[in-house]
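The structure under discussion appears below in the form of structure tokens.
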Amino acid sequence: MTSTPYRPATAPLFTALDARRDGWSAQKLADKVRSGEIMRIAKGCYVGMTEFRALHPEQRHVLRVEATLPTFSFPVVASHYSALALHDIPIWGADLSRIHFARVDAGERYSRRGVAVHPSYGPRELVVIEGLRAVHPTIAVLGTAMVCGIESGVVAADGALASGLTTIDHLHEWLDRMAGFPKVSRAWRAVELAEPRTESPGESRTRLVLNSLDLGPVRPQVEIYDESGAFVGRVDFLLPRHRLIVEFDGLMKYGPDDAREAIIAEKVREDQLRALGYGVARVVWRDLGVAGRIEAKVRRARLGR
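Okay, here's the thing in structure tokens:
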């Protein structure tokens with residue numbers, strides 16, 4: 001099966017054999033590694049340091065997957081969050097210095113420094129992405145939840161569902177097959193909490209915090225209209241029991257050239273929402289890393305309405 005989700009462009013890899021064909025001696029290759037001009041990314045595989053540093057962490061991870069795949073003496077495919085990176089599904093809370101693969105044969109679990117190899121999931125759910133083999137997005141999402149935790153699993157599940165790369169039914173089908181897997185309860189919980197209408201990892205994480213506050217239903221992506229029926233805006237989250245709106249870092253959706261106009265537009269919209277009797281709390285990335293900060297913002301929004 002061939003899968004065609006977008007895979008970020010990466011820096012060009014080259015092997016020691018490629019270097020020799022270009023006239024580099026073993027000493028010259030070693031000297032360039034020592035000087036920091038190039039780096040050895042996997043056994044016998046290299047990349048320019050400048051190009052590598054220009055990549056985002058997920059792109060660097062994809063490059064490591066691509067470089068490491070040929071180093072095995074048995075067939076493997078990218079799995080867990082390494083497969084998420086290939087499928088361009090959001091990753092949160094994963095150790096990107098460690099690469100995950102799954103065996104294609106019936107061999108045992110295997111690990112070495114920076115690499116984990118898991119038992120085969122069977123041949124049915126393997127895909128090829130620009131020549132690189134990976135597990136199906138469904139398996140990647142569930143595996144990520146099992147090794148990284150519920151929050152990471154929810155971020156991945158939301159992203160995969162929103163992009164149409166999996167379905168709730170397919171996730172449940174594979175959860176049934178994975179009965180007895182280590183930490184599969186994490187995957188079950190992640191799927192229970194998944195919401196395909198969520199538009200970013202930040203929104204996924206914000207929603208989890210809001211659900212934990214026991215404030216009643218948290219409805220994502222709700223359209224708000226005024227008394228005349230005129231459209232005011234679509235908000236990230238509505239807590240209807242409290243007429244409370246929570247927005248996650250809305251300005252990130254705008255480019256730097258539009259930032260000033262965006263700030264003004266957001267302020268006008270926020271004033272309109274408050275005039276309709278809604279409290280409004282705005283959450284930004286740094287709030288997600290501080291215990292109690294979102295709860296405090298929500299409380300202030302409720303009291304200040």
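If you read the sequence shown in the working numbering, its first letter stands for residue 1, the second for the next number, and so on. Backbone N, C-alpha and C fix where the C-beta goes; we use that ideal spot for every residue, glycine too. None of these values were measured; they are calculated from a predicted model.
| Item | Value |
| --- | --- |
| Quick one: Cα of residue 23 to Cα of residue 50, how far? | 21 Å |
| Hey, residue 275 and residue 301 are a contact pair by Cβ (cut 8 Å); roughly how many whole angstroms apart? | The pair is not a contact, with the Cβ atoms about 15 Å apart (cut-off 8 Å). |
| What residues match up with residue 224 in a beta bridge as DSSP calls it? | 233 |
| To test your reading of the DSSP string, which unbroken alpha helix (DSSP H) runs of 4 or more residues are found completely within the segment 144-208? | 150-162, 168-177, 184-193 |
| Indicate the three-state DSSP secondary structure (helix, strand or coil) for residue 91 in the structure shown. | coil |
| Determine contact between the segment 90-109 and the segment 74-82, defined as no fewer than three beta-carbon pairs at a distance below 8 Å. | yes |
| Determine the direct distance from the alpha carbon of residue 132 to that of residue 254, and round the result to whole angstroms. | Residue placement at residue 254 is flagged as unreliable, the pLDDT there being 49, under the threshold of 50; the coordinate-derived value follows with that caveat. Distance between the alpha carbons of residue 254 and residue 132 is about 33 Å. |
| Thinking just about the alpha-carbon of each residue, which of 213, 119, 203, 64 is nearest to the one in residue 291? | 213 |
| Helix, strand or coil: which one does DSSP assign to residue 74? | coil |
| Applying the criterion that 16 or more other CB atoms from any shown protein chain within 10 Å of the CB defines a buried residue, is residue 61 buried or exposed? | buried |
| Can you tell me which of 236, 215, 217, 211 puts its alpha carbon nearest to the alpha carbon of residue 223? | 236 |
| Which of the three DSSP states, helix, strand or coil, is assigned to residue 218? | coil |
| Can you list, in chain order, the residues of its chain whose CB lies under 7 Å from that of residue 35, leaving out five sequence neighbours each side? | none |
| Give me the residue from 197, 173, 239, 41 with the minimum Cα distance to residue 142. | 173 |
| Quick one: using the 10 Å Cβ neighbour count with 16 as the cut-off for buried, is residue 207 buried or exposed? | buried |
| Following the continuous alpha helix (DSSP H) through residue 34, name the residue where it begins and the one where it ends. | 26-35 |
| Take every Cβ of the segment 120-140, pair it with every Cβ of the segment 79-95, and state whether three or more of those distances are shorter than 8 Å. | yes |
| Out of 53, 238, 178, 169, state which residue places its alpha-carbon closest to the alpha-carbon of residue 194. | 169 |
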